[in-house]
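In terms of this note's numbering, the sequence shown is residues 39 to 435. What follows is a set of notes on a single structure, which appears directly below.
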Amino acid sequence: MSTVQASTSSKDLVPLSVPSLRGNEWAYLKACLDTNWVSSVGPFVDRFEQDLAAYVGAAHAVATVNGTAALHTALLVAGVQPDDEVAVSTLSFIAPANAVRYVGAWPVFIDVEPDYWQMDPRQLATFLTERCRWANGRLVNRKTGRRVKAILPVHVLGHPCEMDPILELARRYELVVIEDATESLGATYRGTKVGHLGDIGCFSFNGNKIITTGGGGMLLTDRAEWAMRAKYLTTQAKDDPDEYVHHEVGYNYRLTNLQAAVGCAQLEQLEDAITAKRRVAQRYTEVLAGIPGLTLMREASWAKSVFWIFTVVVDEELYGMDSRRLIQALGRGGIQAQPVWQPLHESRAHQGAEVVGGEVAHRLFQQAVRLPSSVSLTPAQQDRVIDGLCNRSGGRT
Ligand SMILES: Cc1ncc(COP(=O)(O)O)c(C=O)c1O
39 MSTVQASTSS KDLVPLSVPS LRGNEWAYLK ACLDTNWVSS VGPFVDRFEQ DLAAYVGAAH
99 AVATVNGTAA LHTALLVAGV QPDDEVAVST LSFIAPANAV RYVGAWPVFI DVEPDYWQMD
159 PRQLATFLTE RCRWANGRLV NRKTGRRVKA ILPVHVLGHP CEMDPILELA RRYELVVIED
219 ATESLGATYR GTKVGHLGDI GCFSFNGNKI ITTGGGGMLL TDRAEWAMRA KYLTTQAKDD
279 PDEYVHHEVG YNYRLTNLQA AVGCAQLEQL EDAITAKRRV AQRYTEVLAG IPGLTLMREA
339 SWAKSVFWIF TVVVDEELYG MDSRRLIQAL GRGGIQAQPV WQPLHESRAH QGAEVVGGEV
399 AHRLFQQAVR LPSSVSLTPA QQDRVIDGLC NRSGGRT
């Protein structure tokens, strides 16, 4: 954000995605302060867990200090061991791949499909059926000799992955499915909410997500024993309620009551937030559809997307400008636009990791531009973005 802010006063800035805190946040925070419940237990933590579980349709929820901690905990409770392998979407923020490394396992990166930019079930099938073999009741990567234990699809940019073939492969090879549903809270796949399609669903509530707690996360599952273990591990693996007795190394990963208070207030506004995001997306779609060289984000017939951040793909030749120059031009006019993530198989952080495909994610990294999509985006602000895209400039200011 710094380069954009340098040329524009914050009043004129059209940010990519900022929180909208317009409900009971103040009242619930005041209740925490008035009652002294400010730390990692308290009524709002319980309520946030219950309300989110009910919303997504899961039986159990465990709040965590952030989304990365939720993913790390999910991998631990799912029994992913050091030197196991986990199939992860390559087009994603880096957190899920890092979490795989935290447990000493290895990500195998799976390309995304070209239509909705989510984990490609065909590439996943190529990996599991052609590059692995079933031996002694476990799936083993032929090249590395390691056990494949889990699939970690990431529902990016507000849209679900095509889950039926992914779940079918998981059933066939007895793999655990951990969804990273962070960017798509409220989205549905064939009527079921993301985060409740696999064995465990994980969410983040950092500042740019559809609802925020400042920082925070949640792990959801129908399995009571996994939820209990997640609570145990996220609370320093404390084995006695009164005495400080520990049989295992745990983590200090709990969410505070203050953060959960904000989360409860935010959850009350989630449906309005989704409506706002979808309205923003609809307007971009209507107005930008005719511009040569721009391919717009779409919604599959089997999905309801929450359009977390509206994204366009720029064909330099047809549009007359490449994605990075467009981002710079918009930035000069105070409009914050961003590329998507470097494909994880290309990142130095995960150098040497196996990849299946990767060309689609590579092209999207070169060409995709994420546009301002805040819940609070005004029609006038959106006009500026649209103007900027139509004129290949920073738009009217
Ligand atoms: C897909 C995805 N997973 C995980 C995370 C990590 O969440 P956190 O920042 O709360 O650790 C993010 C974003 O921050 C994300 O976009």
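Note that CB positions come from ideal geometry on N, CA and C, so glycine has one too. All figures in this text were calculated on a predicted structure; none of them were measured in a lab.
Helix, strand or coil, according to DSSP, for residue i in the structure here?
| i | result |
| --- | --- |
| C199 | coil |
| T333 | strand |
| E217 | strand |
| F403 | helix |
| A133 | helix |
| Q304 | helix |
| V83 | helix |
| I204 | helix |
| R171 | strand |
| V138 | helix |
| G239 | strand |
| V393 | strand |
| V118 | coil |
| I438 | Residue 438 is absent from the model: the chain starts at 39 and stops at 435. |
| T323 | helix |
| V52 | strand |
| N290 | strand |
| A375 | coil |
| Y227 | strand |
| K342 | strand |
| R430 | coil |
| R408 | strand |
| R386 | helix |
| A222 | It is Ser, not Ala, that sits at residue 222 in the sequence shown. The answer is helix: DSSP assigns S222 an H, G or I state. |
| N244 | coil |
| A275 | coil |
| E309 | helix |
| R60 | coil |
| E281 | coil |
| E212 | coil |
| A44 | Note that A44 has pLDDT 43, beneath the 50 cutoff, so the model's placement of it is unreliable and the number below is only indicative. In the structure shown, A44 sits in a helix (DSSP, three-state: H, G or I). |
| V232 | coil |
In the DSSP assignment, find the beta strand (DSSP E) that holds residue i and state where it starts and stops.
| i | result |
| --- | --- |
| A101 | H98 to T102 |
| V146 | W144 to I148 |
| A125 | E123 to S127 |
| M256 | G255 to T259 |
| K187 | V186 to L190 |
| V178 | R176 to N179 |
Under 8 angstroms between the Cβ atoms of residue i and residue j?
| i | j | result |
| --- | --- | --- |
| I189 | V215 | yes |
| V103 | G233 | no |
| I347 | S55 | yes |
| V351 | K315 | no |
| A298 | A101 | yes |
| A341 | A225 | yes |
| L402 | V423 | no |
| H388 | P198 | no |
| H110 | Y154 | no |
| V300 | S411 | no |
| G9 | E217 | The chain is shown only over 39 to 435; residue 9 falls outside these bounds and no answer can be derived. |
| F147 | H383 | yes |
| L364 | R430 | yes |
| D84 | L305 | no |
| G236 | L257 | no |
| T250 | P57 | yes |
| L213 | K187 | yes |
| Q404 | S361 | yes |
| G358 | P381 | no |
| N295 | W64 | no |
| P159 | P203 | yes |
| Q274 | G61 | no |
| Y227 | L177 | no |
Just curious, the alpha helix (DSSP H) that residue i is in, first and last residue?
| i | result |
| --- | --- |
| W64 | E63 to T73 |
| L25 | Since the first residue of the chain shown is 39 and the last is 435, residue 25 is not available in this structure. |
| G369 | S361 to R370 |
| T111 | G105 to V115 |
| T457 | With the chain running from 39 to 435 in the structure shown, residue 457 is simply not present. |
| T349 | No alpha helix (DSSP H) contains T349, which is instead part of the beta strand (DSSP E) from T349 to V352. |
| M157 | Per DSSP, M157 belongs to no alpha helix (DSSP H) and is neither H nor E. |
| W264 | A262 to T272 |
Is residue i near ligand 2 - that is, is its Cβ less than 7 angstroms away from at least one heavy atom of it?
| i | result |
| --- | --- |
| G105 | Ligand 2 is not part of this structure, which contains only ligand 1. |
*asked:* With a threshold of 8 angstroms, are at least 3 pairs of Cβ atoms found where one atom belongs to the stretch 114 to 123 and the other to the stretch 264 to 277?
replied: yes
*Is there contact here, the stretch 390 to 400 with the stretch 278 to 288, by at least three beta-carbon pairs under 8 angstroms?*
no
*Stretch pair the stretch 118 to 127 + the stretch 182 to 199: three plus CB contacts closer than 8 angstroms*: Short answer: they touch.
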